[in-house]
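Chains as they are written, first to last, in the numbering used here: chain A, 57 to 422; chain B, 217 to 490.
Ideal Cβ positions, reconstructed from N, Cα and C, are used throughout, including at glycine.
Only a predicted model underlies this, so the values are computations on that prediction, with no experimental measurement involved.
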Amino acid sequence: MDQNKPPAVELVRLAKRFEGSEAVREVSLSIAQGEFFSLLGPSGCGKTTTLRMIAGFEVPTSGEVRLLGQDVLHVPPNRRNINIVFQNYALFPHLSVFDNVAFSLQVKRVPAQEIRRRVAEALSMVRLPGTERRKPGQLSGGQQQRVALARALINRPAVLLLDEPLGALDQKLRKEMQLELKSLQREVGITFIYVTHDQEEALTMSDRIAVMNQGQALQVDDPRSIYDRPATRFVADFIGTTNFLSGRLRSREGSLATVEVEGVGDVLAPLPTELSPGRTLTLAIRPERMHLGRVSGDGPTNRVRGTVAEIIFIGDDTQYFVRLANGERVMVREQNDAPPAEGSRIQVGQSLTVEWAPASTTILLD
Amino acid sequence: MLSLRRPGLLGLYYLVLLVLLYVPIGVLLLFSVNDATVFGFPLHGLTGHWYKDMLGNAELLESLRSSALVAVGSSLTATALGTLAAIALLRFKFGGKPGFLAVALMPLLVPFLILGVALLILFAALDVSRSLWTVAAAHTVVSMPYTLLIVMARLVGFDTHLEEAAQDLGASYFYTLRRVVLPLIAPAMLAWLVAFTVSFDEFVLASFLIGRSPTLPVFLFGQLRFANRFPQVLALAMVVMLVSLSLVVLAERLQRLGTGASLGPPEPAAETGS
C-alpha cells in the first residue's frame with residue numbers, strides 16, 4: 057500500500073441509530089485507493105446503511121466519513137466524488153441507455169460531442185456497444201446491470217459503491233459477472249466498495265473483507281486470513297463451515313496451548329494471546345482440515361475418537377459426520393482424490409479416530 | 217365447468233349495463249336531431265337546426281366560455297397544488313403528516329351544499345364579490361383531493377432509488393425533479409383531466425358562488441324553464457360529451473406514453489452481451 061496516498065475512504069467510529077435501534081455501531085475502517093473492499097454480513101447487519109452513509113444518503117448519528125482524507129459529512133450526495141450501483145440498478149426507465157449513461161455528464165453540461173464519445177467508450181467497456189437507443193426495459197437483467205455500471209463509472213469516481221449488484225441475476229450469470237467485475241476493477245483502478253451477504257462472492261472478488269454483524273465490523277482482513285483465522289465465532293460460522301468444540305485452557309508450552317475438551321480429551325492449538333489457565337474457550341476447526349484415522353505429516357497431532365453417524369457423498373468430496381465421545385458431531389470433509397480401496401470403505405457406525413494438525417485449530421474467546 | 221357457464225351470465229350483465237348507460241345518451245342524441253320541441257314519439261324527422269341555434273345563442277356560448285375558463289384555471293391550480301402536496305407528503309420529512317393529509321382530503325367528505333354556504337359566508341365576510349374567480353377557487357378546493365390522491369398513487373409506486381441515483385450522478389434537487397420525477401409522474405397528469413371534469417359539470421358550488429355570468433350547468437338549469445329552447449340544450453350536451461370523450465382518449469394515450477413501453481419500434485440491433 058502506498059503510504060503517501062490518503063485512504064480512499066476512511067470511517068471513524070461511524071454510527072447510525074434509527075428510532076432506537078442501532079443500525080451501525082462505531083465502525084472504523086480504512087479503505088485504500090484501488091482496493092476491492094467488501095462489506096459482508098447477513099441482512100440487517102448494517103452493511104447497506106454503512107454504504108448509504110458513505111454515499112451521503114444517510115446522515116450518521118455520530119462519527120466521520122472521510123473521502124481521500126477530506127471530511128465529507130456535510131457534503132451532499134450530488135457533490136461527493138462517489139457513484140453507486142443500486143441493487144435494483146435504478147436505471148431511469150423513461151430515458152434511453154444513452155441518456156442513462158450520459159446523465160452525469162449532461163448534469164455537468166459537458167459538450168455533446170464529448171458526451172457521445174465517452175458514452176460509447178463506457179458502453180464498450182461494459183461490452184454493450186450499440187445499445188444507446190434502447191430503453192432499459194428492453195434489456196435483460198445482465199445487460200441492465202452493465203448499463204448501471206457504465207453509468208456509475210463514466211465520471212471516473214474516486215470510489216464506486218455496489219449494493220448487492222448481482223443479487224437479481226441467476227447463478228451462472230452471477231459467477232460470470234463476479235469475474236468480470238473483478239477484472240473491470242483492475243482495469244479502471246477505481247476503489248470498489250462492495251456490499252454482499254454472499255460469503256463466496258466476497259471471498260472470490262475482494263482484496264479485503266469486513267465481516268459485519270449487528271452493526272459492528274467484527275473482522276477486517278484479506279479473504280485467506282478471514283477464512284483461516286476467524287476472529288470470532290460468528291465469523292467462523294458465517295464464512296464457510298466450521299466445527300466448534302468448547303474447552304478449557306489447561307496449560308501452555310511456548311506458543312502451543314493444551315485445551316481440555318470435556319469427554320473428548322486434550323487438544324493442542326496455537327495460542328493467539330496471553331491467557332490464564334482455566335479460561336473457557338471455543339475451538340474452531342474447518343472440516344477439510346480434519347482427517348479420518350490417518351496421521352497427516354510430522355509433529356504433534358490432535359487425535360480424538362468417534363463413531364461415524366452419517367456419510368454424505370457430494371461427488372468431488374465426501375462429508376463424514378462423526379459423533380465424538382461428548383456427544384457433539386463434527387463434520388470431516390475428505391476429498392475423493394482416489395477410488396476407495398476394496399474393503400476399506402468407511403461404514404456408518406464404524407468407530408475411528410479423527411485427526412488434525414494443531415495449526416489448523418483456531419482458539420476463539422467468545 | 218363453472219368458468220364455461222360464467223361468460224353467459226357475465227355477458228348478460230354487461231349487456232344490461234351497456235343499455236342502462238347508453239340508452240339515455242342515445243335518447244338525447246335522438247331528440248337533439250328531432251324536428252320538434254316536444255319530447256315524445258313519433259319522431260318528426262331529422263334536423264340540424266338545434267345545433268345551428270345553439271351556435272347562435274350568445275348567452276349559451278358565453279356560459280360555455282365561463283365554464284371552460286373556470287375548469288381550466290381551477291384544474292391547473294389543483295393539479296399544481298396536488299402535485300406539490302403529494303411530493304411533500306411522500307418525499308419530505310415533517311411532523312403532522314396525517315393531519316395534513318386529512319385536511320387536504322376533507323373536501324371529499326364535506327357535502328357541497330355545506331361547503332357552498334360556508335364559502336359564500338366566507339367570501340361575504342372578506343368582502344369578495346361573487347364572480348367566476350370565486351367559483352374557480354371553490355372548484356380548486358374540491359378537485360385538489362383528486363389530484364393529490366392520483367399523484368400520490370403514482371409516487372408511491374415509484375422507486376425512490378431513482379431519485380437517489382440522479383442525485384448520486386451529480387444532479388441537484390430541481391434537476392432531479394425536472395429530469396426524473398416529473399417525467400415519470402407525467403401519466404398522473406391525467407389528474408388534471410379529472411379536476412377539469414369535476415369543475416366543468418359542477419353545479420351546487422357554482423350556483424352559490426356565481427356572479428353575473430353563469431357557468432354552463434347553472435345556465436342549463438335556468439333554461440329548463442323554457443321548453444322551446446330545450447333541444448338546443450340537448451345539442452350542446454352532445455357536443456360537450458364528444459369533447460369529454462376525446463379528453464378521455466387523450467388521457468389514455470398519455471398514460472401509455474408514460475410507461476415508455478411503446479415509444480418507437482425497438483432497435484433492430486443484434487443481441488449483444490451475456
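With a threshold of 16 other beta carbon atoms within 10 Å, A:Glu366 falls short and is exposed.
Looking at B:Leu331, B:Gly261, B:Arg281, B:Ser462, the one whose alpha-carbon comes closest to that of B:His355 is B:Leu331. Closest in alpha carbon position to B:Thr299, among B:Val420, B:Ile401, B:Ala443, is B:Ile401. DSSP, reduced to helix, strand and coil, places A:Val386 within a strand of the structure shown. Residue range 348-372 is occupied by the alpha helix (DSSP H) that includes B:Met368. Judged by their CB atoms, B:Val351 and B:Leu425 are nearer to each other than the 7 angstroms cut-off.
Of the candidates B:Leu450, B:Val397, B:Gly386, B:Gly386 places its Cα closest to the Cα of A:Pro132. In the three-state reduction of the DSSP assignment, B:Phe419 falls in the coil class, being assigned neither a helical nor a strand state.
A:Tyr376: member of the beta strand (DSSP E) spanning 373-380, first to last residue.
Contacts with chain A (Cβ-Cβ distance below 8 angstroms) from the region 398-417 of chain B involve Pro399, Leu400, listed in chain order.
Between the region 155-174 of chain A and the region 221-228 of chain A, the count of C-beta pairs closer than 8 angstroms stays below three; the two stretches do not touch.
At a cut-off of 7 angstroms between beta-carbon atoms, A:Asn137 makes no contact with chain B. The straight-line gap separating the alpha-carbon atoms of B:Ala443 and B:Ser347 is approximately 28 angstroms. Contact between the region 143-163 of chain A and the region 175-187 of chain A is present: three or more C-beta pairs spanning the two stretches fall below 8 angstroms. For B:Gly312, no CB of chain A lies under 7 angstroms from its own CB, so it is not counted at the interface with that chain. One Cα belongs to B:Val344, the other to B:Tyr229, and the distance between them is close to 51 angstroms. Restricting attention to A:Leu96, A:Leu217, A:Asn134, A:Phe92, the CA atom closest to the CA of B:Tyr391 is found in A:Asn134. With respect to A:Gln200, A:Leu147 sits close: the two C-beta atoms are nearer than 7 angstroms. At a cut-off of 7 angstroms between beta-carbon atoms, A:Ala146 makes contact with chain B.
At least one CB of chain B lies nearer than 7 angstroms to the CB of A:Pro133. Listed in chain order, the alpha helix (DSSP H) elements of length 4 or more contained wholly in the region 109-175 of chain A are 153-163. Rounded to whole angstroms, the separation of the alpha carbons of A:Gln375 and A:Ser332 is 36 angstroms.
Interface residue (Cβ-Cβ distance to chain A less than 7 angstroms): B:Gly373 is not classified as such.
Only buried fits A:Met268, as 16 or more other CB atoms lie within 10 angstroms of its CB.
Per the coordinates, the alpha-carbon of A:Thr363 lies some 37 angstroms from the alpha-carbon of A:Asp277. In this structure, B:Ser279 lies away from B:Phe446, with their beta-carbon atoms at least 7 angstroms apart. Not one beta carbon of chain A lies nearer than 7 angstroms to the beta carbon of B:Gln448. A:Asp322 is bridged by DSSP to A:Glu316. Non-local C-beta neighbours of A:Glu384 in its own chain, meaning closer than 7 angstroms and more than five positions away in sequence, comprise Leu301, ordered along the chain. Looking at the DSSP output, A:Glu366 shares a beta bridge with A:Phe377. Out of A:Leu324, A:Ile419, A:Pro414, A:Lys238, the CA that lies nearest to the CA of A:Arg285 is found in A:Ile419. Counting C-beta atoms within 10 angstroms of its own C-beta, A:Pro98 has fewer than 16 neighbours from the protein chains shown and is therefore classed as exposed. The alpha-carbon separation between A:Pro116 and A:Lys72 amounts to approximately 5 angstroms.
Residue-level contact by beta carbon fails for B:Ala304 and chain A, as no gap is shorter than 7 angstroms. If you check each beta-carbon in the region 101-127 of chain A against every beta-carbon of chain B, the ones closer than 9 angstroms belong to Arg108, Ala111, Gly112, Phe113.
DSSP places A:Glu177 in the helix class (H, G or I) of the three-state scheme.
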